[in-house]
Amino acid sequence: MADTMQFDLVSPERNLLSAQASTVAIPGSEGDLTVGPGHEPTITTLRPGILKVETDKGAEEFVVTGGFVEIGDGVTVLAEKAVPHADMDQATYEALVSEAEATYRQIKEATNNEPGPVDEAAKLLMDMVAIGGHIGLDPKQPNF
Amino acid sequence: MPSLKDLKNRISSVKSTRKITKAMQMVAAAKLRRAQDAAEQSRPYAERFNKVLGALAASVGGSATAPKLLSGTGHDDVHLLVVMTAERGLCGGFNSSIVKKARVEIEKLRAAGKTVKILTVGKKGREQLKRDFADLFVGHVDLSEVKKLGYADAQGIAKDVLTRFDAGEFDVATIFYSAFVNVVSQIPTAQQIIPAAFEAPESDEEGTGPLYDYEPDEERILADLLPRGVATQIFSALLENAASEQGARMSAMDNATRNAGEMIDKLTIEYNRSRQAVITNELIEIISGAEAL
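Chains U and Z, in that order, are what the protein sequence lines are.
For what it's worth, this note's numbering labels the leading residue of the first sequence as 45, then goes sequentially.
For what it's worth, this note's numbering labels the leading residue of the second sequence as 498, then goes sequentially.
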């Protein structure tokens, strides 16, 4: 079995990374998963989190906010927004969190605080906040 | 016959016009390169997205619980036309040809007794359509402040469209934009985005492709992806449109520059002719004056 696989990370605006990878750690909406070569074909959605790729040129990390992953012969991540870990600073991070917060508020208002969609938005927001802790930035505390 | 001074003024005014059109052409060329780049960068995402969505749609499509974005509302009485044009003019027939296409479609739908609603993106299309169909307008998206088209802009438009769809304001949505072929050729295109139309998956030559596991289940993924599909389609249409606009402007300005050059040549000939006529006249006057002595 080959010990690497084709990995592509694309966002709507550009192709972020295309390389041979040995493993990819994906923050899936139903739970995190690490994919190696020869993984069962799967399609899953993403939650906001950190995507780790072990490539032949070293490890790379990306902050993703949502999207989905197609695992077939290789791994293709279609991220709504993806920022390389190195480019992630406090300002970008805070912008992302406040965006999630705004969505949360909007949904809360629109659905009259029904549990279903509000819970999902709250989870999204908490995921976003948690990223801050993972990448060593000051986690911004939202007001609920 | 215009005097020498008039001719001189006209030549210099055409010359400065030529300078402007030449500059605009070069700016458009530079912007075109960037727009084409952006369109190319977005293509892998759109392609893969459609591939996955197509596979998903094929496996869920038949079921009665398929999301409305895929199966439609069951009617096609109310049509929403999203007409995308440029924010600026001076780009040849670019805006008019999109509007023309939309206009034909509106007339056709109206003749068939459907209700038509219009949402415009870009100032120029709104101006042109407002004249005849002001009562059909439901909204307008202004992108004049946007320097560089981002996915967020497309998401904004998609959100607007989807909110209206969820509120049951329309059954079918079609976007009008200009597909970029090359600098001299842009094709006004209409594309239905709701209910989502997929090209049939390619024939079974290589089987049905890998059988995917879905996490969460297929229908929830599909429900999650379809709204994104709308945004993706709008985004690629916006990018195509931006490239087409610059392409159209570039060839329009190229034409204008060439025309200005021809005009300058013609005016220069006329100027020289009348200058010579004046000299000849003066000579005749001097000679006949000398003879009279």
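Cβ atoms here follow ideal geometry from the backbone N, Cα and C, with glycine treated the same way.
Task: Any C-beta of chain Z under 9 Å from that of R91/U - done: no
Open item on the list: Could you check whether the Cβ of R58/U sits closer than 9 Å to any Cβ belonging to chain Z?
Closed with: yes
TODO: Note down, in chain order, all residues in the stretch 648-666 of chain Z with a beta-carbon under 7 Å from any beta-carbon belonging to chain U.
DONE: Y648
Task: L122/U at chain Z interface by Cβ criterion, 9 Å - done: yes
TODO: Check P724/Z in the structure and name its three-state DSSP category.
DONE: helix
TODO: Consult DSSP for V680/Z and reduce its assignment to one of helix, strand or coil.
DONE: coil
TODO: Name the one or two DSSP bridge partners that G102/U has.
DONE: T99/U
Open item on the list: Contact criterion: CB-CB distance below 9 Å. Does E703/Z meet it with respect to chain U?
Closed with: Caution is warranted here: a pLDDT of 42 is assigned to E703/Z, below 50, making its placement in the model unreliable, and no coordinate value can be reported.
Task: F112/U: contacting residues in chain B (beta-carbon distance under 8 Å) - done: This model lacks chain B altogether, as its protein chains are U and Z.
- [ ] Return the CA-CA distance between G586/Z and R746/Z, expressed in angstroms with no decimal places.
- [x] 8 Å
Task: L633/Z - DSSP class collapsed to helix/strand/coil - done: helix
Open item on the list: Under 9 Å, Cβ to Cβ, is there at least one residue of chain U near L529/Z?
Closed with: no
Open item on the list: Just to confirm the assignment, what range does the alpha helix (DSSP H) spanning L566/Z have?
Closed with: K565 to S568
TODO: Report, in whole angstroms, the separation of the C-beta atoms of S741/Z and E57/U, which I expect to be a contact under 8 Å.
DONE: Their Cβ separation, rounded to whole angstroms, is 19 Å, which puts S741/Z and E57/U out of contact at 8 Å.
Task: Cβ-based neighbour list, L780/Z, same chain, cut-off 6 Å, excluding 5 preceding and 5 following - done: none
- [ ] Can you tell me which of the three DSSP states L60/U falls into?
- [x] strand
Open item on the list: P128/U and G93/U - do their beta-carbons sit closer together than 9 Å?
Closed with: no
Open item on the list: Rounded to whole angstroms, what is the Cα-Cα separation between I672/Z and T686/Z?
Closed with: 8 Å
Open item on the list: Check this for me: beta carbons of Y709/Z and P85/U, under 9 Å apart or not?
Closed with: yes
Task: Limits of the beta strand (DSSP E) - the one that G75/U falls within - done: G75 to V79
Task: Helix, strand or coil at M49/U according to DSSP, with G and I counted as helix - done: strand
TODO: Could you tell me if E98/U is buried or exposed, where buried requires 16 or more neighbouring beta carbons within 10 angstroms of its beta carbon?
DONE: buried
TODO: Using a Cβ-Cβ cut-off of 9 Å, state whether E737/Z counts as contacting chain U.
DONE: no
- [ ] Would you kindly work out how many angstroms separate the C-alpha atoms of L633/Z and T617/Z, rounded to a whole number?
- [x] 11 Å
Open item on the list: So with CB distances below 7 Å, who are the chain Z contacts of T67/U?
Closed with: Result: empty, since nearest Cβ-Cβ is about 18 Å, beyond 7 Å.
- [ ] Output the distance between the C-alpha atoms of A608/Z and A166/U, rounded to the nearest integer angstrom.
- [x] 48 Å
Open item on the list: Any beta carbon from chain U within less than 9 Å of D710/Z's own beta carbon?
Closed with: yes
- [ ] Determine the DSSP secondary structure at V643/Z, reduced to helix, strand or coil.
- [x] coil
Task: Opening and closing residue of the alpha helix (DSSP H) in which E604/Z lies - done: F591 to A608
Open item on the list: Looking at I595/Z: is its Cβ nearer than 9 Å to the Cβ of Y674/Z?
Closed with: yes
Task: Distance between I508/Z and M750/Z (C-alpha atoms, nearest Å) - done: 19 Å
Task: Sequence-distant residues of the same chain with beta carbon closer than 6 Å to A63/U, five excluded per side - done: F51 and T99
- [ ] Establish whether the CB of I87/U and some CB of chain Z are separated by less than 9 Å.
- [x] yes
Open item on the list: Rounding to the nearest angstrom, what Cα-Cα distance links R755/Z and K605/Z in this structure?
Closed with: 39 Å
Task: Three-state secondary structure assigned by DSSP to E712/Z - done: strand
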